[in-house]
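S.K.: This is the structure I want to talk about, given as structure tokens.
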Amino acid sequence: MVNIIGGVSAAGYILFSFIYSRKWMTKSIVFVSIYLIGLTFVTTMDVVLPIYFLAVIVPLLPYLRHISKSTGLVCAYYLIYLIYGMVFQNTVSSITTFIARYWQFIVFFLVWDSVAMMDEKLSLRLLWFALAIETTLSLYLMFSNEYVGANGLVRLVAGHQPITGNIAIIMLPVSIYLYYANKGTSRIETMVIVIDILFFAWTILSGTRGYMLIYGLTLPFLILDFFMYGRTNRRGRVVLLIVVILLLVLIIISVPGLLDMAASVMRADESTGIRPVEDAITRRFLLHAPIGVKLFGIGLGGTPGHYKAFVDAVYSVRGGRRSMLSASGGLFHNMYDSILISTGIIGIFIILYMNVKIWKITTRACGRRTKLGLILHIYQLGFLIMCFFRWSSSCGITEMVALSLILKRVVADREKRQEELAFA
2 MVNIIGGVSA
12 AGYILFSFIY
22 SRKWMTKSIV
32 FVSIYLIGLT
42 FVTTMDVVLP
52 IYFLAVIVPL
62 LPYLRHISKS
72 TGLVCAYYLI
82 YLIYGMVFQN
92 TVSSITTFIA
102 RYWQFIVFFL
112 VWDSVAMMDE
122 KLSLRLLWFA
132 LAIETTLSLY
142 LMFSNEYVGA
152 NGLVRLVAGH
162 QPITGNIAII
172 MLPVSIYLYY
182 ANKGTSRIET
192 MVIVIDILFF
202 AWTILSGTRG
212 YMLIYGLTLP
222 FLILDFFMYG
232 RTNRRGRVVL
242 LIVVILLLVL
252 IIISVPGLLD
262 MAASVMRADE
272 STGIRPVEDA
282 ITRRFLLHAP
292 IGVKLFGIGL
302 GGTPGHYKAF
312 VDAVYSVRGG
322 RRSMLSASGG
332 LFHNMYDSIL
342 ISTGIIGIFI
352 ILYMNVKIWK
362 ITTRACGRRT
372 KLGLILHIYQ
382 LGFLIMCFFR
392 WSSSCGITEM
402 VALSLILKRV
412 VADREKRQEE
422 LAFA
């Protein structure tokens, strides 16, 4: 079954790579859709994730002509870890840890530095297509899934992979761009808000708190802008916003237990499971680990159970599991725990460095005082906070590809406007 899904997925990637050879954003959404459909049926990433990784990187290779020094150094840094892990440690764990934890940030810079551009005109069709895929997968999971959370509600996951909501958070930067690129066009503004609300509904029903968090942080700013700063019929929008708020207050007051029900749906009444235990083990391990491990970690495919400090940490923290001792690679839910264990304190600083660079690129691309830049910054923060809970099903890869492509589109739009003004 796994091999069949892997083969079909690979064929799909090849086919659509030719169909959408230069439509980078459309191709990215189609590729992640193929990947998520495959993951829904096989429920494990071992085969479908490496194939997806290749599908993302191979079409990009011919366009990697002017890689910056910083991107090159970061790639070299992780390549050393990857080669060492594949040769001297667990090969499979090294590859999956690299793809699942680190590739998401590296691919942002590869796309940004590449000469690949979106020569396609982004439209609402892409949002509707993505929403259709999200809805189809969600309905399938809703009627076929037997995974029930502690609140008694069905979670829209495949195995333990949070499928529903993944496409939604990928499309957020696209919808934000479309909203501001068509500012003043009331129909498009309205449809973007409607589609985003539908996406948000699926993230809530998914039961995945990280997805809810990203949308919950980002979407209110877009909705506020729509109601308060729309260029057409501004007074009517403000009145509508007030009416909606009053209705929500009235519903909350009138329906007993509604807030408790909402908390249950969003899993606010559940604990974060074993994550506090994992955090405590990571802290204790790093506190007592040798200085070399503190700085450089144990490697992408290393087994922490081979270190006395980790064994002591597992047995000294209440809730620690013996199975943790034999695991290798990025074994914990919290991405930053896995990074600290695999690549040490220096590895965390490299991740911080890359995200500071992404922040600066966003600022330069969007301008210092634009609402577009502000909301994309909030999106990045939400993404990083989500990684404290766990990574997305696409391991952040398509999220960062989409963000990078959108920022390139913003720069291209500005340069085009400047050219038009120069020749006016």
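Numbering-wise, our numbering puts 50 at position 49 of the sequence shown, and it's gapless, one number per residue.
Glycine is no exception: its CB is placed at the ideal position from the N, C-alpha and C atoms.
Keep in mind it's a predicted model, so treat the numbers as computed, not measured.
1. Under the rule that 16 or more other beta-carbon atoms within 10 Å means buried, what is Thr219, buried or exposed?
2. Please say whether Ile351 and Val112 have beta carbons closer to each other than 9 Å?
3. How is Ala11 classed by DSSP in three states: helix, strand or coil?
4. Using 10 angstroms around the beta-carbon of Gln162, count the other beta-carbons present and answer buried if the total reaches 16, otherwise exposed.
5. Is it right to say Val158 is buried, meaning 16 or more other beta carbons lie within 10 angstroms of its own, or is it exposed?
6. Relative to the alpha-carbon of Thr344, which residue among Lys184, Leu138 and Leu287 has its alpha-carbon at the smallest distance?
7. Is it buried or exposed for Trp129, if we count other Cβ within 10 angstroms and need 16 for buried?
8. Do Pro174 and Ile407 count as a contact pair if the criterion is CB distance below 9 Å?
9. Would Thr363 and His378 qualify as a contact pair, given that the criterion is a beta-carbon distance under 9 Å?
10. By DSSP, does Gln90 sit in helix, in strand, or in coil?
11. Secondary structure at Asn152, three-state DSSP: helix, strand or coil?
12. Leaving out the 5 sequence neighbours to the left and right, which residues in its chain are closer than 7 Å to Lys295 when beta-carbon positions are compared?
13. Tell me, please, whether the segment 326–339 touches the segment 93–101 by the rule of three or more beta-carbon pairs shorter than 8 Å.
14. Give a yes or no on whether the C-beta atoms belonging to Asp414 and Ala182 are separated by under 9 Å.
15. Between which two residues does the alpha helix (DSSP H) carrying Glu135 extend?
16. If we count the other Cβ atoms within 10 Å of its Cβ and call it buried at 16 or more, is Tyr316 buried or exposed?
17. By Cβ distance below 8 Å, which residues in the same chain neighbour Ile194 in space, the five residues on each side in sequence not counted?
18. Determine the burial state of Asn4: buried for a count of at least 16 other Cβ atoms within 10 Å of its Cβ, exposed for fewer.
19. How close, in whole Å, do the beta carbons of Gly306 and Val312 come, if the pair is a contact with beta carbons under 8 Å?
20. If I measure Cβ to Cβ from Phe333 and keep anything under 6 Å in the same chain, skipping five residues before and after, which residues do I get?
21. Quick one: what does DSSP say Ala413 is sitting in, helix, strand or coil?
22. State the beta-bridge partners of Ala159 as determined by DSSP.
23. Candidates Met213, Ile349, Lys122 and Glu416: which alpha carbon is nearest Tyr380's?
24. For Cys396, does the three-state DSSP call read helix, strand or coil?
25. Helix, strand or coil for His67? Go by DSSP, reduced to three states.
26. Roughly how many whole angstroms lie between the Cα atoms of Leu61 and Ser29?
27. Just curious, the alpha helix (DSSP H) that Pro221 is in, first and last residue?
28. Does DSSP put Glu420 in a helix, a strand or coil?
29. On the criterion of 16 or more Cβ atoms from any shown chain inside 10 Å, does Met229 qualify as buried, or is it exposed?
30. Between Tyr337, Gly39 and Val33, which has its C-alpha nearest Ala169's C-alpha?
31. Taking just the CA atoms, how far does Asp47 sit from Tyr85?
32. Identify, in the order they occur along the chain, each residue of the same chain with its Cβ nearer than 6 Å to the Cβ of Thr209, setting aside the five sequence neighbours on each side.
33. Measuring only the C-alpha atoms, how far is Gly300 from Leu404?
M.R.: Here's the rundown:
1. buried
2. no
3. helix
4. buried
5. buried
6. Leu287
7. exposed
8. yes
9. yes
10. coil
11. For Asn152, the predicted structure reports a pLDDT of 49, less than 50, and the residue's modelled location is therefore unreliable. The matter cannot be settled from this model.
12. Leu287, Gly345 and Ile346
13. yes
14. yes
15. Leu125 to Ser145
16. exposed
17. Tyr180, Leu223, Ile224 and Phe227
18. exposed
19. 6 Å
20. Glu279 and Ser339
21. helix
22. Gln162
23. Met213
24. coil
25. coil
26. 11 Å
27. Arg210 to Tyr230
28. helix
29. exposed
30. Val33
31. 20 Å
32. Pro163 and Gly166
33. 29 Å
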